[in-house]
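Peer 1:
Protein chains: 2
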Amino acid sequence: MAAAVQDVIMLLGDSITQGGWEPGGFAQRLAHVYARKLDVINRGLSGYNTEWAIPVFEQCFAKQHEQQHVPTVRILTIWFGANDAAIKPSPQHVPLPDFISNLTHLVHMVTSSSSAHYSPKTSIILISPPPVNTYQRDADLQSRDPPKLLDRTFEVTRKYAEAVVEVGERMKIPVLDVWTALYDAAGRNERDLDKFLWDGLHLNAAGYEVMYEGLINTIKEKYPKLHYDELEPVFAPWAEIKWDDPTESLKARRTVREK
Amino acid sequence: MAAAVQDVIMLLGDSITQGGWEPGGFAQRLAHVYARKLDVINRGLSGYNTEWAIPVFEQCFAKQHEQQHVPTVRILTIWFGANDAAIKPSPQHVPLPDFISNLTHLVHMVTSSSSAHYSPKTSIILISPPPVNTYQRDADLQSRDPPKLLDRTFEVTRKYAEAVVEVGERMKIPVLDVWTALYDAAGRNERDLDKFLWDGLHLNAAGYEVMYEGLINTIKEKYPKLHYDELEPVFAPWAEIKWDDPTESLKARRTVREK
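So the sequence lines, in the order shown, correspond to chains A and B. Take 1 as the starting number for the first sequence in UniProt numbering and just add one per residue. Take 1 as the starting number for the second sequence in UniProt numbering and just add one per residue.
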């Protein structure tokens with residue numbers, strides 16, 4: 001019975017999104033700076049690919065006739081590819097053309113006026129998967145009991161990341177290209193990605209810092225009215241409360257100016 | 001348009017709750033361990049006392065006829081007193097009898113079957129304010145421009161903390177007594193509270209760690225079915241997805257067993 005008093009940022013993705021709640025993770029950082037402005041709803045699902053994400057997203061994102069009752073999703077991040085790019089025989093593998101069409105479908109669900117989930121108030125940001133450090137990943141998998149074979153390659157994940165950028169360009173949706181941001185930050189050297197990944201696949205706090213800075217810059221550039229500095233807190237700062245007769249000054253306010 | 005697919009933990013309080021989104025804060029820690037089970041909705045409002053919290057809570061907590069559309073609040077923490085205990089002439093000051101009746105009112109809003117906000121599925125935890133380190137608080141206020149006079153006393157805040165414990169006992173609502181937990185952890189020495197408070201009033205990461213451990217223990221003891229280890233993720237772990245025909249296995253599940 002949480003009333004829909006505050007709009008939200010929804011984070012859709014895999015384990016790299018789910019891990020955003022770690023200290024220094026991007027969900028934690030967003031929740032901190034957007035406190036009292038937008039709630040952060042983490043729909044990161046460890047191990048998931050775009051194939052499994054579609055039926056999940058259908059359940060997580062309200063249909064048009066339900067939208068009046070529930071919080072408006074102001075920002076939606078869609079961050080997949082790390083599992084889709086797993087190589088066969090991994091059950092997580094999604095062929096590149098299917099990955100592209102799934103990502104396109106996820107975006108259309110929100111942007112197409114004929115979609116049951118159509119939501120013109122939602123601003124989408126696509127995010128490319130991080131580069132894989134196969135040295136680190138291989139060592140991690142070898143250390144397991146029983147040991148596992150390497151299930152990602154540097155080049156395949158790069159192709160999935162490039163596909164995210166292309167989908168964004170084609171659909172005119174802003175893209176946060178985490179693959180390139182992290183690879184550049186590592187001096188374009190695969191082994192040096194260990195500064196940003198803890199197991200060759202998942203971001204550590206330094207990786208999330210790079211990603212978060214890019215995300216805030218993307219918001220600032222592409223959706224400036226949704227930057228946290230541009231939003232009013234839903235409930236007034238306490239110094240603005242009318243202390244002798246507070247009722248009016250304590251009414252929830254619209255934090256986002258409508259398009 | 002975030003569909004009500006996942007139930008929530010709502011955190012109602014002042015700046016010490018709002019700051020729970022800091023790295024190591026209790027909101028961040030809860031969001032991390034309850035990921036995919038319960039969302040964390042932070043309704044901490046810096047500077048607020050119980051007087052101002054009542055009209056805010058009326059807007060944040062759905063009325064009975066709205067509850068079918070919105071996420072169920074499974075756990076509600078109510079953490080006030082730090083500002084109510086400010087001494088006159090602070091506009092934040094709430095006299096002790098009023099603090100007690102406000103806190104009682106907030107609980108009744110959820111637990112009383114005659115309340116518009118009645119919600120028998122919500123489990124409440126009351127939290128007492130932390131002890132004030134007046135040495136630290138005074139130094140902090142003196143360092144401001146212009147300098148401010150000390151606005152809290154150790155003994156007054158202690159009385160408000162004791163009142164929270166009494167309200168909980170009287171109403172049979174579990175209490176997390178943060179005042180005592182932190183004072184004990186500091187060897188019952190006011191000056192040594194600087195290990196847990198960064199400005200004499202607000203918790204640092206070490207303070208939140210003590211508080212969080214106490215909170216999880218309270219959940220485990222008083223509401224064991226709501227401990228994160230007892231809840232199923234709403235969406236199945238990926239290894240449990242039926243890869244050849246995933247639809248059924250990707251349906252959202254009830255994470256909490258009903259009372």
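Cβ atoms here follow ideal geometry from the backbone N, Cα and C, with glycine treated the same way.
Exposed or buried, Thr17 of chain B, counting other C-beta atoms within 10 Å across all chains shown (16 or more means buried)?
Peer 2: buried
Peer 1: Does any CB atom of chain C fall closer than 8 Å to the CB of Phe61 of chain B?
Peer 2: Among the protein chains of the structure shown, namely A and B, there is no chain C.
Peer 1: Which of the three DSSP states is assigned to Trp79 of chain A in this structure?
Peer 2: Strand at Trp79 of chain A.
Peer 1: The stretch 234-247 of chain B: which residues have C-beta closer than 8 Å to a C-beta of chain A, in chain order?
Peer 2: Phe235, Pro237, Trp238, Ala239, Ile241, Trp243, Pro246 and Thr247
Peer 1: Which of helix, strand or coil does DSSP assign to Val33 of chain A?
Peer 2: helix
Peer 1: Specify, as a first and last residue, the run of the alpha helix (DSSP H) that Ile54 of chain A falls within.
Peer 2: That run of the alpha helix (DSSP H) goes Thr50 to Cys60.
Peer 1: Return no unless some Cβ of chain A is closer than 8 Å to the Cβ of Ser46 of chain B.
Peer 2: yes
Peer 1: Can you give me, in chain order, the residues of the stretch 3-22 of chain B that have a beta carbon less than 7 Å from any beta carbon in chain A?
Peer 2: Ala3, Ala4, Val5, Val8, Met10, Gln18, Trp21 and Glu22
Peer 1: Tell me which residues of the stretch 81-104 of chain B have at least one Cβ-Cβ distance to chain A shorter than 9 Å, keeping chain order.
Peer 2: Asn83, Pro91 and Gln92
Peer 1: Quick one: is His69 of chain A near chain B, going by C-beta distance under 8 Å?
Peer 2: yes
Peer 1: If Ala85 of chain A and Tyr183 of chain A are in contact, beta carbons under 8 Å, what's the gap, nearest whole angstrom?
Peer 2: Not really, about 15 Å apart at Cβ, beyond 8 Å.
Peer 1: Going by Cα to Cα distance, which pick from B:Ile127, B:Gly207 and B:Val70 is closest to Ala62 of chain A?
Peer 2: Selection B:Ile127, B:Gly207 and B:Val70 evaluated against Ala62 of chain A yields B:Val70 as nearest (Cα-Cα).
Peer 1: Below 8 Å on the Cβ atoms is my guess for Thr72 of chain B versus Leu12 of chain B; work out the distance and round it to an integer in Å.
Peer 2: About 16 Å separates the two Cβ atoms, so there is no contact after all.
Peer 1: Do you know whose CA, among A:Ser112, A:Asp199 and A:Gly187, lies nearest Arg144 of chain A's CA?
Peer 2: A:Asp199
Peer 1: Using the beta-carbon count (16 or more within 10 Å), is Lys242 of chain A buried or exposed?
Peer 2: Residue burial is scored here from C-beta neighbours: Lys242 of chain A has fewer than 16 other C-beta atoms within 10 angstroms and is therefore classed as exposed.
Peer 1: Roughly how many angstroms lie between the CA atoms of His32 of chain A and Gly19 of chain B, to the nearest whole one?
Peer 2: 8 Å
Peer 1: Under the three-state reduction of DSSP, which class applies to Asp39 of chain A: helix, strand or coil?
Peer 2: strand
Peer 1: How about Ile219 of chain A and Leu226 of chain A: are their beta carbons less than 8 Å apart?
Peer 2: Yes; because the gap between Cβ atoms is below 8 Å, this pair is in contact.
Peer 1: Find the nearest neighbour of Asp138 of chain A within the set A:Glu190, A:Glu209, A:Gly44 and A:Glu51, judged by alpha-carbon distance.
Peer 2: A:Glu190
Peer 1: Considering only C-alpha positions, which residue in the set B:Leu103, B:Arg43 and B:Asn102 is nearest to Ala3 of chain A?
Peer 2: B:Arg43
Peer 1: Against Asp177 of chain A, what residues of chain B qualify as contacts under a CB-to-CB distance less than 9 Å, listed in chain order?
Peer 2: Those within 9 Å of Asp177 of chain A in chain B number zero; the least Cβ separation is about 25 Å.
Peer 1: Check each candidate in A:Val164, A:Ile173 and A:Phe196 and name the one with the smallest Cα separation from Val110 of chain A.
Peer 2: A:Ile173
Peer 1: Please list, in chain order, the chain A residues whose beta carbon lies closer than 9 Å to that of Pro55 of chain B.
Peer 2: Pro246, Thr247, Leu250 and Lys251
Peer 1: When the Cα of Asp244 of chain A is compared with those of B:Trp21, B:Leu45 and B:Gln92, which residue comes out closest?
Peer 2: B:Gln92
Peer 1: I'd like to confirm the pairing. Which residues does DSSP put opposite Gly13 of chain A in its beta bridges?
Peer 2: A:Gly44 and A:Trp79
Peer 1: When the cut-off is 8 Å and only beta carbons count, does Asn42 of chain A lie next to chain B?
Peer 2: yes
Peer 1: Would you tell me roughly how many angstroms separate the C-alpha atoms of Val56 of chain A and Pro129 of chain A, rounded to the nearest one?
Peer 2: 19 Å
Peer 1: DSSP state of Ser112 of chain B, grouped into three classes?
Peer 2: Coil at Ser112 of chain B, not helix or strand.
Peer 1: If you reduce the DSSP assignment to three classes, tell me which class Ile219 of chain A lands in.
Peer 2: Of the three classes helix, strand and coil, the one that applies to Ile219 of chain A here is helix, per DSSP.
Peer 1: Sorted by chain position, which residues of the same chain lie with C-beta nearer than 7 Å to Arg29 of chain A's C-beta, five sequence neighbours on each side aside?
Peer 2: Cβ within range, chain order: Tyr212.
Peer 1: Give me the chain B residues within the contact set of Arg36 of chain A, using Cβ-Cβ distance strictly less than 9 Å, ordered along the chain.
Peer 2: Gln18, Asn42, Arg43, Gly44, Leu45 and Ser46
Peer 1: Are the beta-carbon atoms of Val234 of chain B and Arg253 of chain B separated by less than 8 Å?
Peer 2: If you check the CB distance, Val234 of chain B and Arg253 of chain B come in under 8 Å.
Peer 1: If we define contact as Cβ-Cβ less than 8 Å, is Gly24 of chain A a contact residue for chain B?
Peer 2: Taking Cβ atoms only, chain B reaches closer than 8 Å to Gly24 of chain A, which makes this a yes.
Peer 1: In whole angstroms, give me the CA-to-CA distance for Val8 of chain A and Asp98 of chain A.
Peer 2: 29 Å
Peer 1: Quick check on this structure: which residue in A:Val164, A:Ile87, A:His105 and A:Val94 has the alpha carbon closest to the alpha carbon of Glu58 of chain A?
Peer 2: A:His105
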